[in-house]
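Residue numbers (the UniProt record's numbering): 1 to 197.
Glycine included, each C-beta is placed from N, C-alpha and C at the ideal position.
These numbers were taken from a predicted model, which means no experiment stands behind them.
This report refers to the structure that appears directly beneath it.
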């Protein structure tokens, strides 16, 4: 890396967990090189090449976290679950995993000319409330237990690709709240207004 970047290291914030490090992030972009494996594959798809991530972030306003994994085994499944979008650098199928410093260089090179814009992304608190609300509704709907986790993650990635604004998140939560209300009305519970708020 650059020899004259000690000021960046000096200002780096050390956190105890990925959740703590990304608490103020409007969008969390995780990196993965394990595109073809079957174990936990649903956690790693879809993954975009770096130039697609640049296109999606261009002219947006907010804090974006790019999360790189460890040199030896990358991000854990739990860490991947926290990511809204995934990026994967195209490499040969025989040697799919890049050296960490090289991967960082490639991704940052692609992102270096992003133009800041005036389209504000939703904040992390609102997004987390939306994701918890989705889990509540899946439970209220008696969605098959063995499918809830993957479905909730799939919806999280869909919303991540959509780069939601605060107003869009509020609208989605209003729809989910109304869904819960009608489900609870059918079951006689009527407790939808207390969920995930």
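Beta strand (DSSP E) segment containing residue i, residue limits
i: residue 30; result: 27-31
i: residue 85; result: 85-87
Residues sharing a beta bridge with residue i, DSSP
i: residue 66; result: 29
i: residue 61; result: 120
i: residue 74; result: 70
i: residue 109; result: Beta-bridge pairing links residue 109 to no other residue.
i: residue 48; result: 87
Between the CA atoms of residue j and residue i - distance to the nearest angstrom
i: residue 21; j: residue 15; result: 6 Å
i: residue 61; j: residue 68; result: 22 Å
i: residue 198; j: residue 177; result: There is no way to answer for residue 198, as the model of the chain reaches only from 1 to 197.
i: residue 108; j: residue 184; result: 48 Å
i: residue 18; j: residue 75; result: 10 Å
i: residue 97; j: residue 85; result: 19 Å
i: residue 151; j: residue 131; result: 11 Å
i: residue 31; j: residue 175; result: 32 Å
i: residue 192; j: residue 144; result: Confidence at residue 192 is low in this model, with a pLDDT of 46, below 50, so the placement of that residue should be treated as unreliable; the coordinate-derived value is given next. Computed Cα separation, rounded: 20 Å.
i: residue 53; j: residue 87; result: 7 Å
i: residue 213; j: residue 92; result: In the structure as shown, the chain starts at 1 and stops at 197, and residue 213 therefore has no counterpart that could be examined.
i: residue 99; j: residue 72; result: 9 Å
i: residue 165; j: residue 136; result: 22 Å
i: residue 158; j: residue 57; result: 15 Å
i: residue 7; j: residue 179; result: 50 Å
i: residue 102; j: residue 89; result: 10 Å
i: residue 5; j: residue 13; result: 15 Å
i: residue 65; j: residue 187; result: 42 Å
For residue j and residue i, believed in contact at Cβ under 8 Å, the rounded distance
i: residue 163; j: residue 121; result: 6 Å
i: residue 204; j: residue 59; result: Residue 204 lies beyond the range of the chain shown here (1 to 197); nothing can be said about it.
i: residue 50; j: residue 106; result: 6 Å
i: residue 155; j: residue 134; result: 5 Å
The alpha helix (DSSP H) enclosing residue i, as first and last residue numbers
i: residue 5; result: Premise fails: residue 5 is in no alpha helix (DSSP H) and is neither H nor E.
i: residue 151; result: 145-162
i: residue 20; result: 18-21
i: residue 179; result: 166-187
Contact between the stretch 116-136 and the stretch 10-30 (3+ Cβ pairs under 8 Å): Touching, yes, given that three or more Cβ pairs across the two stretches are closer than 8 Å.
Given 8 Å, three or more beta-carbon pairs between the stretch 72-92 and the stretch 136-146: With the cut-off at 8 Å, the stretch 72-92 and the stretch 136-146 do not touch.
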